[in-house]
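Peer 1:
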Amino acid sequence: MGPEGHIQTILTPNGKIEDELRITIPDIPPSNNKYMGRGSTYTQAFQYQAEKKKWQSVIGWLVREQKWAQNPLKKAVVEITYFFKDKRRRDPDNYSGKFILDSLVRAGVLQDDSFGNIELILKGNYDKKNPRTEVRVRKNE
Numbered sequence: 013m014g015p016e017g018h019i020q021t022i023l024t025p026n027g028k029i030e031d032e033l034r035i036t037i038p039d040i041p042p043s044n045n046k047y048m049g050r051g052s053t054y055t056q057a058f059q060y061q062a063e064k065k066k067w068q069s070v071i072g073w074l075v076r077e078q079k080w081a082q083n084p085l086k087k088a089v090v091e092i093t094y095f096f097k098d099k100r101r102r103d104p105d106n107y108s109g110k111f112i113l114d115s116l117v118r119a120g121v122l123q124d125d126s127f128g129n130i131e132l133i134l135k136g137n138y139d140k141k142n143p144r145t146e147v148r149v150r151k152n153e
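For the sequence shown, my numbering begins at 13 and goes up steadily by one.
1. Given this structure, state the Cα-to-Cα distance separating R150 from N137, to the nearest angstrom.
2. Would you mind listing the beta strand (DSSP E) stretches within the region 27 to 112 that are 3+ residues and don't spill past its ends, in chain order?
3. With E153 as the anchor, note down where its beta strand (DSSP E) starts and where it stops.
4. Less than 8 angstroms between the beta carbons of L33 and Q68, yes or no?
5. To which residues of the same chain is E91 closer than 6 angstroms at the C-beta, ignoring the five residues directly before and after it?
6. Report the option in L74, S108 and K66 whose CA atom is closest to the CA atom of N45.
7. Take every Cβ of the region 94 to 107, pair it with every Cβ of the region 55 to 72, and state whether three or more of those distances are shorter than 8 angstroms.
8. Distance check for D103 and A81, CA to CA, integer angstroms please.
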């Protein structure tokens, strides 16, 4: 399965129409622990930057494919759901969404990914046959 995404127009409970960006990446970003205290600082920095560029490339491509035409969102709700291939215990703080949020800023979906601008929702789930990361972005007023 390759990466996929779509822009969905939804009707909110208050009757307002808004667009929502949804993307699915057939991968899960590495745990933050991967880059903390292992190997040389130089090697870690190089690996970190390579992984970050990979995620920026995939997410950027998905956003361009969907023709996201809106200006970057000033306020947004970002929901990231990780579907892991096993039921091993994982801490949410190790899957903070750093690569994903930075990529959404770089792709022009979010203006800024600071606390004042986004509400971040992290979820973990299990899908042995189809591990993936699903991202939903919607305007938050």
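Note that CB positions come from ideal geometry on N, CA and C, so glycine has one too.
Peer 2: Once the coordinates are examined:
1. 21 angstroms
2. 29 to 37 and 88 to 96
3. No beta strand (DSSP E) holds E153; DSSP gives it neither H nor E.
4. No.
5. I133 and R148
6. Relative to N45, the option among L74, S108 and K66 whose CA is nearest is S108.
7. In short, these stretches do not touch, since the Cβ pair count stays below three.
8. 35 angstroms
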